[in-house]
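The numbering of the sequence shown is UniProt numbering, which starts it at 1 and goes up by one. We put the CB at the ideal spot given by N, CA and C, even for glycine. Source: prediction; values computed, not measured. One structure is given here, and the rest of the page talks about it.
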Amino acid sequence: MAEKSENRKDARTAREWVIALPDELDEEQRKELAKEFAQSLVDRYGVIADLAIHAPSQNGSDKNHHAHILLTTRKAELDPEQNLVLKDKADIELRYRERIDHRSYVDQGNQLQATIHEGSKVTQMRRKGIDTEISRFNDTVKQQNSQQLQNKQQHKEKTLEQGFNRVEQGFEQWKKAQEVKRLELERKQQLKLQQEQAMKQKHRKSMKRTSMKEYREAIADDNKRLETFYNKVASG
């Protein structure tokens, strides 16, 4: 089923995890611990897990208890007919795609130095605490690679921080510009209100003067009419 879901020639249908199991636990406890870890991956990412627990090899360290967990790279779901189908890429596959790369360091262009394959003999000597030329070389390379990755990560974090600072500074400048615009708008609105109030006051005064003039003219007309009336009465 997993193979049918992948169309690319170089596509992966599964990822393998190898986990060390504590030697202090008994066989049943180690088995339960491995099952719990595999189940946690299934529950978290919705994938299918195949678990195999290995005891230490006869020629190797007697404390090398470990488990192999094979995870599908796609989520497993049930269709309406209750058939198991593989869906989109699982989150765990997307998350570790950059970390797991089959290409060499040179092909990846990451400027890291490759280690030398140690083999079973060098590995057994390392477990016994015996250094070899190959193991010392690999330890040095790993330390240098680790330092280089750490420097790259620090550079990336510094670049991101600088970017965030520029964004924050730009936002602060924008806020200040908006505040200037707001104050200018308030000033113009206040000026307009003052002008409107002055025009209204001027209009009221003009209306008042007009009203007094009309009142005086009306009184004068009345006096003229009374004077004409009295004159007619006196002559008659």
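If you count every other CB in all the chains shown that lies within 10 Å of the CB of residue i, and 16 or more means buried, which is it?
i: LEU183; result: exposed
i: THR140; result: exposed
i: THR132; result: exposed
i: ALA198; result: exposed
i: LYS89; result: No answer about LYS89 holds up, because its pLDDT of 45 lies below 50 and its placement is not dependable.
i: THR72; result: buried
i: ALA34; result: buried
i: ALA55; result: exposed
i: ALA220; result: exposed
i: ALA38; result: buried
Could you check how far apart the C-beta atoms of residue i and residue j are, in whole angstroms? I think they sit under 8 Å.
i: ASP50; j: LEU70; result: 4 Å
i: LYS31; j: ILE53; result: 6 Å
i: THR115; j: LYS142; result: 7 Å
i: SER120; j: ARG126; result: The pair is not a contact, with the Cβ atoms about 11 Å apart (cut-off 8 Å).
If we ignore side chains and look at the alpha-carbon of each, how far apart do residue i and residue j end up?
i: GLN144; j: GLN173; result: 43 Å
i: TYR45; j: HIS66; result: 22 Å
i: HIS117; j: GLU168; result: 48 Å
i: LYS200; j: LEU193; result: 11 Å
i: VAL42; j: ILE19; result: 16 Å
i: ASN64; j: LYS128; result: 13 Å
i: ARG187; j: GLN154; result: 49 Å
i: GLU16; j: HIS68; result: 7 Å
i: GLU161; j: LEU149; result: 18 Å
i: residue 321; j: LEU25; result: Residue 321 is absent from the structure shown; the chain starts at 1 and stops at 236.
i: THR123; j: ASN151; result: 29 Å
i: residue 252; j: ALA218; result: Given a span of 1 to 236 for the chain in the structure shown, any question on residue 252 remains unanswerable.
i: LYS224; j: ASN231; result: 11 Å
i: LEU78; j: ASP23; result: Confidence at LEU78 is low in this model, with a pLDDT of 49, below 50, so the placement of that residue should be treated as unreliable; the coordinate-derived value is given next. The alpha-carbon atoms of LEU78 and ASP23 are separated by roughly 38 Å.
Would you say the beta carbon of residue i is closer than 6 Å to some non-hydrogen atom of the ligand COA?
i: GLU214; result: By its list of ligands, the structure shown contains no ligand whatsoever, and the ligand COA lies outside what it can speak to.
Tell me the residue span of the alpha helix (DSSP H) that contains residue i.
i: LEU41; result: 27 to 45
i: THR72; result: Run containing THR72: none in the alpha helix (DSSP H); it sits in the beta strand (DSSP E), 66 to 72.
i: LYS121; result: 119 to 127
Determine the extent of the beta strand (DSSP E) in which residue i is found, giving its start and end residues.
i: LEU51; result: 49 to 54
Determine, using beta carbons only, whether residue i comes closer than 7 Å to chain C.
i: ARG15; result: Judged by its chain identifiers, the structure shown contains no chain C, having just a single protein chain.
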